[in-house]
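All remarks here apply to the structure that follows.
In our numbering, the protein residues as written are 729 to 833.
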């Protein structure tokens, strides 16, 4: 069952919702754990770390869901899709930072 059969719009909604859900869950869990271990300062640190962990989880999940729609029900394809999405985002951020640096200096 490829993404073409269900429609691109359906894929976008499911991928976006799954990524968002993973982001919120991972971020909240990370923040709660850090905040519980180190009350006060840990809450602030937990929020910051939870944001980064949540964003990473969301990127991975969105890429994995995309791969499942495109390649069918394959765990290895989903894992590779998640890793590819994570790497592509890192490359895009690195490229943007490099362009900004070159524009300034």
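Don't be surprised by glycine CBs; every beta carbon is placed ideally from N, CA and C.
- Note on geometry: alpha-carbon atoms of residue 769 and residue 802 lie some 42 Å from one another.
- Judged by DSSP secondary structure, residue 786 falls within the alpha helix (DSSP H) whose first and last residues are 769-799.
- Across the structure, residue 741 and residue 749 are spaced so that their CA atoms are roughly 12 Å apart.
- If you check the CB distance, residue 791 and residue 751 do not come in under 9 Å.
- For residue 754 against residue 785, the beta-carbon gap comes to about 4 Å, under 8 Å, which counts as contact.
- Under the three-state reduction of DSSP output, residue 802 falls in the coil class, being neither helix nor strand.
- Comparing alpha carbon positions, the residue from 827, 787, 798, 743 closest to residue 810 is 787.
- The closest CA to that of residue 739, considering only 814, 798, 780, is found on 798.
- With a 10 Å radius around the Cβ and a threshold of 16 neighbouring Cβ atoms, residue 743 comes out buried.
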